[in-house]
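Chains as they are written, first to last, in the UniProt record's numbering: chain Y, 1 to 243; chain X, 1 to 859.
Report on one structure; see the data block that follows.
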């Protein structure tokens with residue numbers, strides 16, 4: 001019984017995941033630390049800053065109990081620089097934020113939900129994994145905490161268009177052996193592009209199916225005729241892909 | 001008739017628009033009109049004026065300098081005439097459209113020409129090939145006006161905008177565009193929209209569309225007081241008296257008014273004007289106002305200021321009508337602007353303002369002016385630069401331009417005898433007036449700000465914690481100028497005014513009975529220099545060098561005289577009181593600041609008259625206690641220092657915890673910002689980031705930023721590599737491994753010294769107080785983390801190689817060995833890297849420590 005949903009995560013699901021990101025808030029009233037499923041939250045003590053998960057920050061913001069400090073990459077200055085970088089480098093995406101040095105050799109490196117990529121200490125010059133959904137949510141829920149919300153919104157829109165255009169252009173080279181460098185692509189962009197790109201690849205594969213079949217037949221014949229040869233590895237790979 | 005005696009009307013030109021100008025020394029008066037000659041009148045003589053024939057016709061503007069004058073005419077020529085031989089010297093510049101106004105810079109070297117063209121030309125009067133073009137106008141220009149220093153030019157356009165250009169750079173630069181100050185007027189209208197720079201150089205006035213004269217301060221572009229002229233027609237001309245104490249305005253309703261600058265009151269109104277006056281000029285020294293009208297006539301109005309007000313003309317340069325004069329000692333935290341026209345200097349707290357005669361003049365302005373003036377002149381060099389000493393051709397210093405105005409001159413003179421510079425008093429966390437607002441107090445609890453409403457102030461108290469406290473505001477008839485705020489209450493104080501002595505007002509936030517706010521007066525003649533509020537006491541330092549300590553319910557608890565005086569500021573935390581005063585003079589001619597810390601409850605002095613360590617020529621910006629109760633200071637060089645061991649007499653020392661100049665955000669370059677200190681809490685420095693040349697926060701309230709402590713160990717150039725790596729074009733992840741290693745050990749070294757400092761701070765606090773369990777735990781944590789950092793350092797040294805063994809052993813000896821296992825661990829680290837010799841030595845060390853032979857202290 002297949003779920004009537006496209007493969008991968010839907011945009012609401014991506015947004016839900018994004019709500020785990022930590023953001024910096026300036027509380028407007030006291031709040032003891034809360035024991036949450038995701039770990040204890042720090043006690044709030046105005047005007048000291050604190051890092052809270054986005055969902056809690058938005059909740060407090062809606063109740064006017066806190067102000068959200070937009071991350072440094074969500075300022076007009078940084079976004080303009082990022083947009084310039086994106087338009088100048090037509091073939092690659094702007095790089096993701098650098099990972100901090102691992103605290104000790106034994107622990108695993110951080111991954112985005114636990115990496116502090118959207119707090120006030122985040123690097124100002126790189127878009128984190130959840131940039132699009134986080135920006136949209138902050139602009140919707142806390143637009144009065146931005147200095148120029150309209151400019152930020154416009155820049156975000158511009159960035160999104162540029163990057164989506166790159167993703168779509170990448171499809172042109174997606175042939176049987178083609179590849180697309182997708183470093184720095186955000187979560188929401190992936191989920192948006194997944195349906196389209198997946199469709200394209202499936203379509204290409206259907207078109208190539210007969211040729212593929214012919215090649216496989218030939219391979220089998222060759223093998224039966226005793227030619228082990230180099231095609232062996234290819235065969236295995238193709239087999240895996242088709243499943 | 002008296003009137004006829006006073007006014008000498010001269011038919012100077014054929015009926016039509018006529019303009020005039022005095023030479024800077026006031027000896028000659030030159031008029032131009034619609035006919036083709038200029039007339040030169042000599043002050044004080046009734047003789048027929050000299051005439052220069054064969055000029056241009058339809059002249060529209062004139063400006064006179066020393067020995068020459070310049071005219072502009074409707075045919076677009078700007079001509080320079082010599083006054084020595086009354087001849088045309090040269091045509092300075094031609095414009096394609098009629099000239100509307102010309103202005104001569106105070107030094108007489110540049111003339112600005114406004115014409116119906118969009119471009120304003122500024123021509124050198126000596127060398128007409130040197131021309132500056134000001135091109136930012138979108139409509140034609142009606143007036144141009146140089147400020148008193150000659151570095152700024154105000155251009156009034158016909159579309160109602162004023163553009164201010166800076167001419168100090170090679171390429172003139174527009175620095176400000178002002179809208180709504182003037183009406184949009186046709187370029188050939190009689191009405192005027194000229195910018196009138198006040199002679200004190202800190203403000204200018206303009207005729208507004210509502211026929212008033214609006215004054216605007218020039219440093220922050222805030223509207224200041226206005227002269228409500230009540231003219232029935234458009235203002236056609238207005239001019240400040242040479243010392244700025246009076247303003248003369250005239251309008252097309254045929255009236256001429258005289259205003260007093262300080263009060264903006266009408267002194268005298270002349271209704272007997274025959275025709276619309278187009279141009280007016282004060283005689284530079286005498287009580288004469290000359291004006292020309294649109295009927296070709298010149299009037300030399302002697303004794304225009306009534307005798308009862310004549311004293312006003314003889315004052316030194318008066319300040320422009322500010323709501324709050326920036327130089328007036330607001331709480332001393334004032335961003336004093338120098339009155340000497342040195343406008344590029346940023347308002348900043350110079351120590352010299354106190355006691356300079358000029359500021360006394362400002363403060364004592366209420367006294368009879370003559371009295372104040374007499375002292376003022378005698379005090380001085382008596383070289384006759386004081387206005388009107390002999391009356392003959394001596395100019396008031398208002399015309400000498402920026403360099404010679406009082407403050408500058410006084411300083412040059414004052415340096416011939418020794419006068420120590422005292423540090424000015426200030427209230428921590430307050431800002432000076434800007435426009436009609438200022439912050440009285442800004443800290444982590446909340447902020448107190450006041451708005452001046454002319455007769456009273458409105459004070460608003462806001463809190464960060466909206467739930468715990470309710471914001472409140474009240475009207476304040478006493479004009480409180482200092483405030484403190486904490487969790488329990490708000491403290492205010494006001495200066496003595498008139499018969500009312502200085503007062504202190506405490507308002508608790510909440511009580512379980514009715515509100516128990518109280519006021520207490522200080523003895524007459526004593527004013528408050530700084531106040532401080534703690535959880536249990538109120539501290540007031542006064543001008544009589546008393547430190548007055550009250551309980552929270554207003555019971556006077558201690559009064560004593562401060563040894564270091566005059567008092568600068570004070571701070572309080574629980575039972576501890578920190579007072580700072582001026583002490584003996586240091587090498588740079590400034591007083592050292594001395595501080596005293598005492599415990600009021602136990603009546604115990606911890607540090608008596610110890611020095612506040614400042615670098616030469618820096619000043620103290622703020623002083624406060626952190627949330628853990630340690631004193632911190634922030635100085636004008638941007639360094640945050642704390643006092644270690646301050647509870648042991650004689651042991652205290654200042655330790656830098658943060659140098660904001662070395663912050664990576666500044667060292668990256670390109671950013672110009674400064675940090676306004678607010679507080680230290682939870683081992684973080686809270687401040688407000690000020691962009692550009694701002695020195696004080698303003699409205700709307702900027703958000704607080706926090707910085708981690710960073711003890712200045714190395715210059716920011718080391719971190720440049722890092723910055724570069726973090727820039728956009730990250731090509732690949734190749735990193736110079738040696739740099740990273742160096743960086744790592746740097747960070748470790750830094751965190752070692754920072755943790756050690758914090759450990760010392762906390763342990764000295766705990767040794768003098770009853771520690772709570774959480775404090776004790778924190779102390780242990782710090783101690784363990786010191787050892788952990790040392791272990792990491794040891795690991796690095798071991799990895800670096802056998803030859804680093806000596807250093808590695810030194811690191812081991814530095815260990816505190818809090819839990820007794822650190823040396824063992826160190827031995828293991830050495831073993832892991834295969835440093836057997838080192839491991840052996842570590843074991844020896846551990847054994848010696850165990851038997852108490854080596855307590856970490858070697859002879």
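From the three backbone atoms N, C-alpha and C, an ideal C-beta is built for every residue, glycine too.
Remember, it's a predicted structure, so these values are computed and weren't measured experimentally.
For a cutoff of 8 Å on Cβ pairs, would you count residue i as touching chain Y?
| i | result |
| --- | --- |
| residue 685 of chain X | no |
| residue 824 of chain X | no |
| residue 472 of chain X | no |
| residue 706 of chain X | yes |
| residue 709 of chain X | no |
| residue 658 of chain X | no |
| residue 444 of chain X | yes |
For residue i and residue j, I'd like the C-alpha separation in whole angstroms.
| i | j | result |
| --- | --- | --- |
| residue 89 of chain Y | residue 136 of chain Y | 24 Å |
| residue 59 of chain X | residue 143 of chain X | 15 Å |
| residue 60 of chain Y | residue 66 of chain Y | 6 Å |
| residue 18 of chain Y | residue 190 of chain Y | 13 Å |
| residue 449 of chain X | residue 685 of chain X | 22 Å |
| residue 19 of chain X | residue 309 of chain X | 28 Å |
| residue 63 of chain X | residue 694 of chain X | 37 Å |
| residue 715 of chain X | residue 125 of chain Y | 24 Å |
| residue 608 of chain X | residue 562 of chain X | 11 Å |
| residue 440 of chain X | residue 287 of chain X | 43 Å |
| residue 145 of chain X | residue 206 of chain X | 11 Å |
| residue 915 of chain X | residue 53 of chain X | This structure does not reach residue 915 of chain X, given that chain X is present from 1 up to 859, and the question cannot be answered. |
| residue 614 of chain X | residue 620 of chain X | 8 Å |
| residue 243 of chain X | residue 185 of chain X | 29 Å |
| residue 334 of chain X | residue 677 of chain X | Caution applies to residue 334 of chain X, whose pLDDT of 36 falls short of 50 and renders its modelled position unreliable; the value that the coordinates give is listed next. Looking at the two C-alpha atoms, the distance is approximately 16 Å. |
| residue 731 of chain X | residue 530 of chain X | Confidence in residue 731 of chain X is poor, its pLDDT being 40 and thus under 50, which makes the residue's placement unreliable; the coordinate value appears in the next sentence. So the two alpha carbons sit approximately 57 Å from each other. |
| residue 527 of chain X | residue 476 of chain X | 18 Å |
| residue 821 of chain X | residue 839 of chain X | 15 Å |
| residue 160 of chain X | residue 269 of chain X | 28 Å |
| residue 481 of chain X | residue 699 of chain X | 18 Å |
| residue 601 of chain X | residue 423 of chain X | 29 Å |
| residue 603 of chain X | residue 836 of chain X | 58 Å |
Would residue i pass as an interface residue toward chain X - the criterion being a Cβ-Cβ separation below 8 Å?
| i | result |
| --- | --- |
| residue 48 of chain Y | yes |
| residue 68 of chain Y | no |
| residue 26 of chain Y | yes |
| residue 181 of chain Y | no |
Could you spell out where the alpha helix (DSSP H) holding residue i opens and where it closes?
| i | result |
| --- | --- |
| residue 131 of chain Y | 131-141 |
| residue 55 of chain X | Residue 55 of chain X -> no alpha helix (DSSP H), and no H or E assigned at all. |
Since I believe residue j is in contact with residue i (beta carbons under 8 Å), could you give me their beta-carbon distance rounded to a whole number of angstroms?
| i | j | result |
| --- | --- | --- |
| residue 435 of chain X | residue 299 of chain X | Actually they do not touch by this definition, with Cβ atoms about 39 Å apart. |
| residue 588 of chain X | residue 616 of chain X | 4 Å |
Using the beta-carbon of each residue, which ones in chain Y are nearer than 8 Å to residue i?
| i | result |
| --- | --- |
| residue 681 of chain X | 48 |
| residue 139 of chain X | What residue 139 of chain X touches in chain Y: nothing, since even the nearest Cβ is about 30 Å away. |
Interface residues of chain Y around residue i at Cβ under 7 Å?
| i | result |
| --- | --- |
| residue 703 of chain X | 26 |
Which chain X residues sit within Cβ distance under 8 Å of residue i?
| i | result |
| --- | --- |
| residue 30 of chain Y | 465, 467, 468 |
In terms of residue numbering, what span does the beta strand (DSSP E) encompassing residue i cover?
| i | result |
| --- | --- |
| residue 556 of chain X | 556-561 |
| residue 644 of chain X | 639-644 |
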